[in-house]
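First comes the structure, then the notes that go with it.
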Amino acid sequence: MGFLRLDPMMVKLIITVLLATFLPARGGFVPIVEGLTTAAIALLFFMHGAKLSREKIIAGSSHWRLHLWIMCSTFVVFPLLGCLMVWWHPVNVSNDIYTGFIYLCILPATVQSAIAFTSLAGGNVAAAICSASASSLLGVFVSPLLVNLVMNVHSAMPGNGFEQIGKIMLQLLLPFVLGHIARRWIGGWVERHRSLIGKTDQTSILLVVYTAFSEAVVNGIWHKVDATTLGWIVVGCILLLAIALLINLVVARLFGFSRPDEITILFCGSKKSLANGVPMANILFPASIVGIIVLPLMIFHQIQLMTCSWIAQRYKKAGEQASSDS
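This note's numbering applies: residue 953 is where the sequence shown begins, and numbers increase by one.
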């Protein structure tokens, strides 16, 4: 039952949430953890910049119709689905849960997993690299603006959207740009140690999650989120992903995209980034609600990995079957 297998990163996230639940950061330990978290986020985006290859981006950048739709799916279709869910409000749960769903919907696409699944399924890898990287970079600007456009969060957040973008540019974009500039000198080392870089990514995310959930536990998150609420989050994430996958599949076939491009659209247009979403939430939202805000994102992350893994395997088998028949 490979479809039901938990992603190792999800197991680590669950352990981190449990650790924060029973041993949350308190008192004098809080500023130490927050300082480590800020440094970890900077390192995370520095490494993302160092991994970004301009040659691969240029190779896939000419397919403008594909990239235009993926950006539309990521930053228009998904936010509309999130707003529809909040308007419909099918279950009586905390408003912070619905805010978390909207936040999930306005995030950029993943980079690593979108490219990996596209490659496994036989899709247009060069286009996937270009589109996923562009989505991640655009998200630094677009997601904070969408937060202010579709969420009523002004009263809970200091400053305005432009001030938030300034903070994000300083904490996320600047390390990203510096990392990309440094690629000239450290690019070879980064390519040779991709597994080590992956562990750095995971460690950074886990540290941010621990910090967020420590604050959330102190503020009583588990009094707001019971088993029924968790069940609703799972169902909501499944429905959201299913609708997004269906829309992307229909559009890809309706507009006559090739099979490799269809695969790229499916995986790049339906995924949301945990690596971008958790650090960004740490900047955009008050510390007291970050934990509950990112809960739908964490669950969606696992569901999208399981579902897209199964879809990629189906595409791969279909491609192998077509090759053997010919």
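For glycine and all other residues, C-beta sits at the position ideal for the given N, C-alpha and C. The structure presented is a predicted model; accordingly, all values stated were derived computationally and were not measured.
Item: Proximity of Y1055 and A1168 at Cβ, strictly below 8 angstroms; Value: no
Item: Rounded straight-line distance, which links the Cα of V1170 to that of W1016; Value: 47 angstroms
Item: Whether L1247 touches G1052 by CB criterion (8 angstroms); Value: yes
Item: Among H1253, A1264, Q1273, the one whose alpha carbon lies nearest that of K964; Value: H1253
Item: Where S1147 falls, given that 16 or more other Cβ within 10 Å makes a residue buried; Value: exposed
Item: Cα-Cα separation between V1186 and G980, rounded to whole angstroms; Value: 35 angstroms
Item: V969 burial status per 10 Å Cβ neighbour count (16 or more: buried); Value: buried
Item: Whole-Å CB distance - V949 paired with I1058, under 8 angstroms assumed; Value: The question about residue 949 has no answer here: the residues shown for the chain are numbered 953 through 1278.
Item: Rounded straight-line distance, which links the Cα of V1203 to that of I1120; Value: 33 angstroms
Item: Rounded separation between N1076 and L1218 - CA only; Value: 11 angstroms
Item: Cβ pair G1131, M999 closer than 8 angstroms; Value: yes
Item: Collapsed DSSP secondary structure at K1223 in the structure displayed; Value: coil
Item: Residue span of the alpha helix (DSSP H) that contains V1045, given as start and end; Value: Per DSSP, V1045 belongs to no alpha helix (DSSP H) and is neither H nor E.
Item: Residue span of the alpha helix (DSSP H) that contains G896, given as start and end; Value: With the chain covering only 953 through 1278, there is no way to say anything about residue 896.
Item: For V1099 and V1161, believed in contact at Cβ under 8 angstroms, the rounded distance; Value: At roughly 20 angstroms, the Cβ-Cβ gap does not stay under 8 angstroms, so V1161 and V1099 are not in contact.
Item: Pairwise C-alpha distance: A977 and S971; Value: The identity of residue 971 in the sequence shown is Leu, whereas the question assumes Ser. Taking the straight line joining both Cα atoms gives about 10 angstroms.
Item: Endpoints, alpha helix (DSSP H) assigned at H1175; Value: 1173-1176
Item: Segment contact flag, the segment 1190-1209 with the segment 1080-1095, C-beta cutoff 8 angstroms, min 3 pairs; Value: no
Item: Beta carbon of A1061 nearer than 8 angstroms to that of K1224; Value: yes
Item: Rounded straight-line distance, which links the Cα of T989 to that of T1163; Value: 7 angstroms
Item: Inter-residue spacing [alpha-carbon to alpha-carbon] between V1129 and G1001; Value: 6 angstroms
Item: For V1094 and P1127, the rounded distance between their alpha carbons; Value: 18 angstroms
Item: Where L1249 falls: helix, strand or coil (DSSP); Value: helix
Item: Inter-residue Cα distance where the pair is L1182 and D1153; Value: 26 angstroms
Item: Pairwise C-alpha distance: L995 and H1175; Value: 34 angstroms
Item: Proximity test, C1189 beta-carbon vs the ligand MG heavy atom, cut-off 7 angstroms; Value: Among the components modelled here there is no ligand, and therefore nothing to report on the ligand MG.
Item: Exposure label - S1014; buried when at least 16 CB within 10 Å; Value: exposed
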